[in-house]
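J.:
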Amino acid sequence: MEERYHPEIIEEKWQRIWEEKKSFRVTEDPHLPKYYLLEMFPYPSGRIHMGHVRNYSIGDVVARYKKMRGFNVLHPMGWDAFGLPAENAAIERGVHPGIWTEDNIVYMRNQLKRMGLSYDWEREISTCEPDYYKWNQWIFLKLYERGLAYKKSSSVNWCSSCETVLANEQVSDGLCWRCDTPVGAKELEQWFFNITAYAEELLRDLDQLSGWPEKVLLMQRNWIGRSEGAEFDLAVAGRPELKIRVFTTRPDTAFGMTYAVLAPDHPLVDRLITGASERAEVERFRAEVLKQSEQERTAEDRPKRGLRLSARVVNPFNGARIPLFIADYVLMTYGTGAIMAVPGEDQRDWDFAKAHGLGIIETVKRPPDWSGEAYTGDG
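Under this note's numbering, the first residue of the sequence shown carries the number 97, and numbering increases by one thereafter.
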C-alpha cells in the first residue's frame, strides 16, 4: 500500500470515471425531491484563484450532501462573460474580446474539472452567447411594455479606467474594486426598473427567508425602499426659481424642522453652490462620501457627517429660514434624495443637530416619564 497520496493519479482516475458515467448529469425524475444549487458565475479572467476554490468547494459540498440525502440535484455552471471588463482586458492584450473570453473559459473550465466539482457541464451557459442574452432582452421588453422600465438622469459611481458604472458594493475606500482607480460621480441618463410597484409583495416575501442573516434582510428592505409618507417643496431663500422636493414619513412634525439635508449627489447641489471655495469644499466632501457604502452611510451606530451650504431654505409651515446641508446619511436612492430634519422627533437628526449646534424644537408631547433625547413615538 502506498504511504503517500498521489492526487495526480487518484483524482484523474475518478474524474475520468465520473465523466464517462455522467455521474453529475441531471435528468427528470418526478419521484425524487428537487434541489437547485447555483453559485455566482465566475468572470472568465483567465485563471481561477483561491477565492474561486473556496466558493465552489462550499457549493460542491452542499450539492454532494443533498445528492446523498436522495435529492435530484441540479448543479450547473456558467460564465459571467459579458461587459466592458472583458473588452478592456482584450484591448490591453491586442486580441478580439470573443477570442480572449473563449480561451479563458476553456482554461478555467479545465481547472474547475480538475477540482472534481460536481457540475452538470451539459447545462453550461455563457452570458455573452445570444442563446442566453436573448432572454434578458425578452424580459426587458416585457417590463418596458408594462411601464416598468423607464429612463432618467442620475448620478452614478464612475471608474474612468474601466469606463464603466460601479455598484456601491464595487467601491472600496473610494477606489474601483477591480483596478484601484479613484471613483468619481458622473451624471448619466440610464434605465431604471420600477421595483416599488412590487414593494409590498417583495417585503412580505422576505418574511419567508428563514435563517437569513438580519443584516442581509435589512439590506434587501432598504433596497426595496417602500416607505409611507408625504412629499412637499422647500423654497430656496432668495432663489424663487429653485424648489427642493423633500420626502418625510412624519409630516405631522414639520413645524419642528430646524434644518434640511440633501444627498451629496443631489442634482440641485451644483446649482446652489455660490463660489469656487464652496465648490471645492463640496467636491472634497463628495470624495469622502464615495469611500463609504450605502450600508455604512446609513448605519445607526456611526457619526453622521455633513457640510453646511451657504444657501438657506424656507420652512413652509412657519416661514422660518433654516440651514441647508449635504450629509452622508441621506441617499439619492431613497425618497427624493432630500429630507426635512426634525431633531426633536428623529434620533438621527438629533445626533446631527447636536454635532453641528443646530436648534431642536419639540412638536410632540412626551410621556410623563420620558427622559430620552429624540422622541420617535406618536403624539
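Every residue, glycine too, gets a C-beta built ideally from N, C-alpha and C.
Closest to residue 456 by CA distance: which of 351, 173, 365 is it?
T.: Within the sequence shown, the letter at position 360 stands for residue 456. The option with the nearest alpha carbon to residue 456 is 351.
J.: According to DSSP, is residue 414 part of a helix, a strand, or is it coil?
T.: Start at 1 with the first residue of the sequence shown, and residue 414 comes out as number 318. Correct three-state label for residue 414: coil.
J.: Check whether the Cβ atoms of residue 398 and residue 390 sit closer than 8 Å, and answer yes or no.
T.: The residue given as residue 398 occupies position 302 in the sequence shown. The residue given as residue 390 occupies position 294 in the sequence shown. In this structure, residue 390 does not lie closer than 8 Å to residue 398 by Cβ.
J.: Have a look at 376, 284, 441, 334 and flag the residue whose alpha-carbon is nearest the alpha-carbon of residue 363.
T.: Looking up residue 363 in the sequence shown gives position 267. Measuring from the Cα of residue 363, the nearest candidate turns out to be 284.
J.: Tell me the rounded alpha-carbon separation between residue 131 and residue 103.
T.: For the purposes of this step, residue 131 is taken as residue 35 along the sequence shown, with counting starting at 1. For the purposes of this step, residue 103 is taken as residue 7 along the sequence shown, with counting starting at 1. Distance between the alpha carbons of residue 131 and residue 103: 30 Å.
J.: For residue 394, I'd like the list of residues in its chain whose CB is within less than 8 Å of its CB, leaving aside the five on either flank, ordered along the chain.
T.: The residue labelled residue 394 in the question sits at position 298 within the sequence shown. Correct list, in chain order: 318, 425, 427.
J.: By a C-beta neighbour count over all protein chains shown, 10 Å radius and 16 as the cutoff for buried, is residue 187 buried or exposed?
T.: Taking the sequence shown and counting its residues from 1, one reaches residue 187 at position 91. Exposed: under 16 other Cβ atoms inside 10 Å.
J.: Buried or exposed: where does residue 372 fall if 16 or more other Cβ atoms within 10 Å of its Cβ makes it buried?
T.: Here the question's residue 372 lines up with position 276 in the sequence shown. That one is exposed.
J.: Leaving aside the five residues before and after residue 209 along the sequence, list all residues of the same chain whose C-beta is less than 7 Å from its C-beta, in chain order.
T.: Along the sequence shown, read from residue 1 onward, the residue named residue 209 stands at position 113. If we look at residue 209 and ignore the five residues flanking it on each side, its Cβ neighbours are 111.
J.: Return the chain-ordered list of same chain residues with a C-beta closer than 8 Å to the C-beta of residue 374, the five sequence neighbours on each side being excluded.
T.: Reading the sequence shown from its first residue, position 278 is the one you call residue 374. Taken in chain order, the residues that qualify are 405, 406.
J.: Reducing DSSP to helix, strand and coil, say where residue 132 ends up.
T.: For the purposes of this step, residue 132 is identified with residue 36 of the sequence shown, where counting begins at 1. Three-state result, residue 132: strand.
J.: If contact is defined by three or more beta carbon pairs under 8 Å, each pair taking one atom from either stretch, is the segment 140-153 in contact with the segment 208-225?
T.: Touching, yes.
J.: To test your reading of the DSSP string, which unbroken alpha helix (DSSP H) runs of 4 or more residues are found completely within the segment 107-175?
T.: Listed in chain order, they are 146-164.
J.: What separation, rounded to the nearest whole angstrom, lies between the Cα atoms of residue 417 and residue 271?
T.: Residue numbering aside, residue 417 sits at position 321 when the sequence shown is read from its first letter. Residue numbering aside, residue 271 sits at position 175 when the sequence shown is read from its first letter. Roughly 38 Å between the two C-alpha positions.
J.: Check whether the Cβ atoms of residue 441 and residue 346 sit closer than 8 Å, and answer yes or no.
T.: Position 345 of the sequence shown, counting from 1, holds the residue named residue 441. Position 250 of the sequence shown, counting from 1, holds the residue named residue 346. Yes; because the gap between Cβ atoms is below 8 Å, this pair is in contact.
J.: How would you call residue 433, buried or exposed, if buried means at least 16 neighbouring beta carbons within 10 angstroms?
T.: Residue 433 sits at position 337 when you count from the first residue of the sequence shown. Looking at its Cβ environment, which holds 16 or more other Cβ atoms inside 10 Å, residue 433 is buried.
J.: Work out the CA separation of residue 243 and residue 438 for me, nearest whole Å.
T.: In the sequence shown, the residue the question calls residue 438 occupies position 342. In the sequence shown, the residue the question calls residue 243 occupies position 147. About 36 Å.
J.: Could you please give the first and the last residue of the uninterrupted alpha helix (DSSP H) stretch that includes residue 238?
T.: Here residue 238 refers to the residue found at position 142 of the sequence shown. Its alpha helix (DSSP H) spans residues 226-241.
J.: Any idea if residue 454 is buried or exposed, counting beta-carbon neighbours within 10 angstroms, 16 or more meaning buried?
T.: As a first step, residue 454 must be located in the sequence shown, where it is residue number 358. Its Cβ being crowded by 16 or more others within 10 Å, residue 454 is buried.
J.: For residue 355 versus residue 421, is the C-beta distance shorter than 8 Å?
T.: By 1-based counting over the sequence shown, the position of residue 355 is 259. By 1-based counting over the sequence shown, the position of residue 421 is 325. Yes, the pair counts as a contact, with Cβ atoms nearer than the cut-off.
J.: Closest by CA to residue 250, which one among 286, 218, 268?
T.: For the purposes of this step, residue 250 is taken as residue 154 along the sequence shown, with counting starting at 1. Answer by Cα proximity: 286.
J.: Using 8 Å for Cβ pairs, my map puts residue 137 next to residue 174. What's the rounded Cβ distance?
T.: Here residue 137 refers to the residue found at position 41 of the sequence shown. Here residue 174 refers to the residue found at position 78 of the sequence shown. Rounded, the Cβ-Cβ distance is 5 Å, consistent with contact.
J.: My understanding is that residue 269 touches residue 400, with C-beta atoms under 8 Å, so please give their C-beta distance in whole angstroms.
T.: Along the sequence shown, one-based indexing puts residue 269 at 173. Along the sequence shown, one-based indexing puts residue 400 at 304. With 8 Å as the limit, residue 269 and residue 400 do not qualify as a contact, their Cβ atoms being about 19 Å apart.
J.: Below 8 Å CB to CB, which residues in the same chain sit around residue 247 once its five sequence neighbours on both sides are set aside?
T.: Counting from 1 along the sequence shown, the entry for residue 247 is found at position 151. If we look at residue 247 and ignore the five residues flanking it on each side, its Cβ neighbours are 285, 286, 287, 288.
J.: In the DSSP assignment, the beta strand (DSSP E) including residue 312 goes from what residue to what residue?
T.: In the sequence shown, residue 312 corresponds to position 216, counting from 1. Careful: residue 312 lies outside any beta strand (DSSP E), inside the alpha helix (DSSP H) at 310-320.
J.: Would you check if the distance between the CB atom of residue 157 and the CB atom of residue 133 is smaller than 8 Å?
T.: The sequence position of residue 157 within the sequence shown is 61, counting from 1. The sequence position of residue 133 within the sequence shown is 37, counting from 1. No, the pair does not count as a contact, with Cβ atoms beyond the cut-off.
J.: For the alpha helix (DSSP H) containing residue 329, list its first residue and its last residue.
T.: For the purposes of this step, residue 329 is taken as residue 233 along the sequence shown, with counting starting at 1. Careful: residue 329 lies outside any alpha helix (DSSP H), inside the beta strand (DSSP E) at 326-332.
J.: If you follow the beta strand (DSSP E) that residue 343 is part of, which residue opens it and which one closes it?
T.: The residue labelled residue 343 in the question sits at position 247 within the sequence shown. Unbroken beta strand (DSSP E) run through residue 343: 335-344.
J.: What whole-angstrom Cβ distance do residue 333 and residue 409 have, given they're in contact under 8 Å?
T.: Taking the sequence shown and counting its residues from 1, the one referred to as residue 333 is at position 237. Taking the sequence shown and counting its residues from 1, the one referred to as residue 409 is at position 313. Right, their Cβ atoms sit about 6 Å apart.
J.: By the DSSP assignment, the beta strand (DSSP E) with residue 253 in it spans what residues?
T.: For the purposes of this step, residue 253 is taken as residue 157 along the sequence shown, with counting starting at 1. Element bounds for residue 253: 245-255.
J.: I think residue 378 touches residue 436, with their Cβ atoms under 8 Å apart; what is that distance to the nearest whole Å?
T.: Indexing the sequence shown from 1 puts residue 378 at position 282. Indexing the sequence shown from 1 puts residue 436 at position 340. Going by Cβ atoms, the distance from residue 378 to residue 436 rounds to 21 Å, so no, they are not a contact pair.
J.: Just tell me which of 315, 335, 115, 265 has its CA closest to the CA of residue 370.
T.: On the sequence shown, residue 370 is found 274 positions in, with the first residue counted as 1. Comparing Cα positions, the closest option is 335.
J.: For residue 182, does the count of other Cβ atoms within 10 angstroms reach 16, so buried, or fall short, so exposed?
T.: For the purposes of this step, residue 182 is taken as residue 86 along the sequence shown, with counting starting at 1. Its Cβ being crowded by 16 or more others within 10 Å, residue 182 is buried.
J.: For residue 400, does the three-state DSSP call read helix, strand or coil?
T.: Taking the sequence shown and counting its residues from 1, the one referred to as residue 400 is at position 304. Residue 400: coil per DSSP, three-state reduction.
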